[in-house]
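Quick note, the numbering used here runs 4 ahead of the 1-based positions in the sequence shown. Beta carbons: idealized from backbone N, C-alpha and C, even for Gly.
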Amino acid sequence: MVDIELVGYLGGGIIAISLIPQVIRSWSTKSTKDISLHWTIVYLSGLLLWISYGVGISSMPLMVMGSIEASLAASLLYLKLRYG
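Below you can see the structure in the form of structure tokens.
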């Protein structure tokens, strides 16, 4: 039987990995013209609420993976604001 927390870590890891190429590309090209500022803000807000929920239910996968994803999303927001 699969530990359900492992499923949470795997799901969060896949989502986090999906953001890495965009952060790298935005950083290396110094261009974020194809990234929506509104999407980035909404996405980051959702992640912060997800982390808060994880804290509320004491779910380590939600807290850990949500924090990693929020860090990547915050990086995109920074790059968007810097390079527009």
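Beta-carbon separation of residue i and residue j under 7 Å?
i          : j          : result
residue 72 : residue 20 : yes
residue 67 : residue 58 : yes
residue 30 : residue 83 : yes
Tell me the rounded alpha-carbon separation between residue i and residue j.
i          : j          : result
residue 42 : residue 76 : 16 Å
residue 88 : residue 44 : 12 Å
residue 86 : residue 8  : 39 Å
residue 33 : residue 64 : 35 Å
residue 51 : residue 22 : 15 Å
residue 69 : residue 16 : 5 Å
residue 39 : residue 47 : 12 Å
Residue i and residue j look like a contact to me (Cβ under 8 Å); what is the Cβ gap, rounded to whole Å?
i          : j          : result
residue 11 : residue 80 : Actually they are not in contact, since the Cβ atoms of residue 11 and residue 80 sit about 26 Å apart, beyond 8 Å.
Please report the residue range of the alpha helix (DSSP H) in which residue i lies.
i          : result
residue 22 : 8-33
residue 84 : 64-87
residue 44 : 41-60
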